[in-house]
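Residue numbers (full-length UniProt numbering), protein chains in the order written: chain A, 1 to 273; chain B, 1 to 326. Don't be surprised by glycine CBs; every beta carbon is placed ideally from N, CA and C. Since the structure is predicted, the reported quantities are computational estimates derived from the model, not experimental observations.
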């Protein structure tokens, strides 16, 4: 009896904490439904009492191409990241290359380089090679956010694949490539999902590379769509917030369908146990 | 969560230990197999090595090159800028923005870390008690961390708007005068710091929570039997046992926070009059923020930032390695 009353008290407190934490998210949604004439009202409406879909209509009319570009960039980044990272991790985890430790160290360091600085180097290269303002250029730059992380996650996971499984494949006459393709990759499905989720999310959310390497591009991602909005019409905050809500959909979907992979990704980079 | 991070560890160590003697005992044929094994191993590594050279090393090299030359827009396209050695660095360090930018970077990073860590730890301790909905609520806490930074930054911009922001409306309700969060030089650095703390809490919560889960529960039970109160148990038992995870969390947070650019740029552009400029936003503004870019100085600031980040990055790796060995 006391036990249950106690847990309910904790649940109540937990709900309050969560509500406080998520208030900005709620406010974004609330503003996205607010009419223009109520936008500067003081005090503001705490709920969308005169809710309008004006903002979302603006998103549908104006932001479609941006969203499509972000989707392409996100999927391209996932593909490139998997192709580069999975074989490397297989080698580091199972084939014991000489110098593998140094490579892992380099990957750890690579994760720490600020994106702003990478952007400047990429800008110089892209300008002289004509890749500036192109979608493939943006995909390559965005993949640098994910590749080192992906190799480290994959390596941690693949190290755990039992040696007996590898030996069984070898006895059956499978070479290194066949073992990788038919044994290691299928077993690593969970880590493939984790890596894909994060690579997509980081590419989708990227602003630094988009604003430097694609600012004059014909196909721009949604982060630039929002940025132009903020710059151009400071008044239509319902449209800005509606775009922000739409841009948050992938993050929300990922959290709902793949919560345990997300938590795994957050901890995997930091805690080694 | 535990499945992906923790279970793989034991088999690795065991597997390595079993195999090591076998390969050492091998004769000529084994040595050949090992050499061809090395070829296969490096064949799988080749893509990532080429990738790192092309998309990490080369951009960083170009960045260093930028910082050592006197670039104009024309010579940037033609690539014939004169070599000027460390002139850009000297110029940048003597610039009136350098001192404030460095100081703002320190304040932004230190205050962010202190609050993210403290709040994250308090929440992690709170969530270790099992109660109804605890897993769901903990998952919801991840939302701020997953949102695109431009989404959270523009939301905070509007919430902190001087005339129409909800924060000032709430302050007015309790009789406090409105604050010019983003437009006053006294407040803009605090505003971007608050937004950054909000974004960083989930990371601290999740990592510290998993650290707390790893502490065996019988230690707490023993302390409770010895008559320790909840508060004593936390400071005398939990906190010391959590120190390795805390160190990792703080160092990783430090490296992340030094890089923060989006939040500040979107909320204040480093302004007003450089009041919230950090090294990261200053570097961006020099390179991309003006109609007439000054790539050389921008790259110089960026390289200084890399050096600072790498110093702490190496400390982090050292701490992590030592914990891995222990």
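- By the CB criterion at 8 Å, residue 296 of chain B and residue 66 of chain B fall inside the cutoff.
- At a cut-off of 8 Å between beta carbons, residue 178 of chain A makes no contact with chain B.
- Under DSSP, residue 83 of chain B shares a beta bridge with B:69.
- Residue 163 of chain A sits in a helix when the DSSP states are folded into three classes.
- Taking 7 Å as the Cβ-Cβ cut-off, the segment 276–289 of chain B approaches chain A at 280, 283, 284, 287, 288, given in chain order.
- Following the DSSP letters along the chain, one finds residue 38 of chain A in no alpha helix (DSSP H), marked with neither H nor E.
- Contact check for residue 227 of chain B against residue 117 of chain B fails: the beta carbons are separated by 8 Å or more.
- Rounded to the nearest angstrom, the gap between the Cα atoms of residue 195 of chain A and residue 82 of chain A is 8 Å.
- Residue 108 of chain A has its alpha-carbon roughly 27 Å from the corresponding atom of residue 119 of chain B.
- Taking a C-beta distance under 8 Å as the contact criterion, residue 149 of chain A and residue 198 of chain A qualify as a contact pair.
- Boundaries of the alpha helix (DSSP H) harbouring residue 56 of chain A: 54–62, taken from the DSSP string.
- Per the C-alpha coordinates, the member of B:98, B:123, B:87, B:41 positioned closest to residue 21 of chain A is B:123.
- In this structure, the alpha-carbon of residue 97 of chain B lies about 38 Å from that of residue 246 of chain A.
- Counting only runs of at least 4 residues, the segment 165–220 of chain A fully encloses the following alpha helix (DSSP H) elements, listed from N- to C-terminal order: 176–179, 189–205, 208–213.
- Restricting attention to A:155, A:224, A:45, the CA atom closest to the CA of residue 101 of chain A is found in A:155.
- Against residue 27 of chain A, the close residues of chain B are 155, 159, 166, in the order they occur along the chain (beta-carbon pairs closer than 7 Å).
- The beta carbon of residue 127 of chain B sits closer than 7 Å to the beta carbons of 134, 138, 209 from its chain, once the five residues preceding and following it are set aside; these are given in chain order.
- Just so you know, the alpha carbons of residue 8 of chain A and residue 131 of chain B end up roughly 7 Å apart.
- When secondary structure is reduced to three states using DSSP, residue 158 of chain B falls in the helix class.
- Less than 8 Å divides the Cβ of residue 63 of chain A from the Cβ of residue 222 of chain A.
- Around the beta carbon of residue 259 of chain B, 16 or more other beta carbons lie within 10 angstroms, which makes this residue buried.
- In its chain, beyond the 5 residues on either side, 197, 201, 262 have a beta carbon closer than 7 Å to the beta carbon of residue 254 of chain A.
- With respect to chain A, the C-beta atom of residue 221 of chain B has no partner C-beta closer than 8 Å.
- When the alpha-carbon of residue 191 of chain A is set against those of A:141, A:78, A:122, A:144, the nearest one is in A:78.
- Taking the Cα positions, residue 69 of chain A is about 42 Å away from residue 37 of chain B.
- Using beta-carbon distances, residue 188 of chain A does not count as an interface residue toward chain B, since no partner is under 8 Å.
- DSSP places residue 62 of chain B within a helical segment (H, G or I) once states are collapsed to three.
- Its Cα nearest to that of residue 111 of chain A, the residue B:312 stands out among B:324, B:197, B:312.
- If you keep only unbroken alpha helix (DSSP H) runs of at least 4 residues inside the segment 65–144 of chain A, you get 100–110, 115–129.
- Under the 10 Å beta carbon count, residue 280 of chain B is surrounded by 16 or more other beta carbons and is classified as buried.
- By a beta-carbon distance limit of 8 Å, residue 158 of chain A does not contact residue 183 of chain A. Their separation comes to about 11 Å.
- Around residue 82 of chain A, no beta-carbon contact reaches into chain B at under 7 Å, the shortest distance being about 11 Å.
- For the options A:143, A:32, A:140, the alpha carbon positioned closest to that of residue 240 of chain A is the one of A:32.
- It is roughly 14 Å from the alpha-carbon of residue 188 of chain B to the alpha-carbon of residue 167 of chain B.
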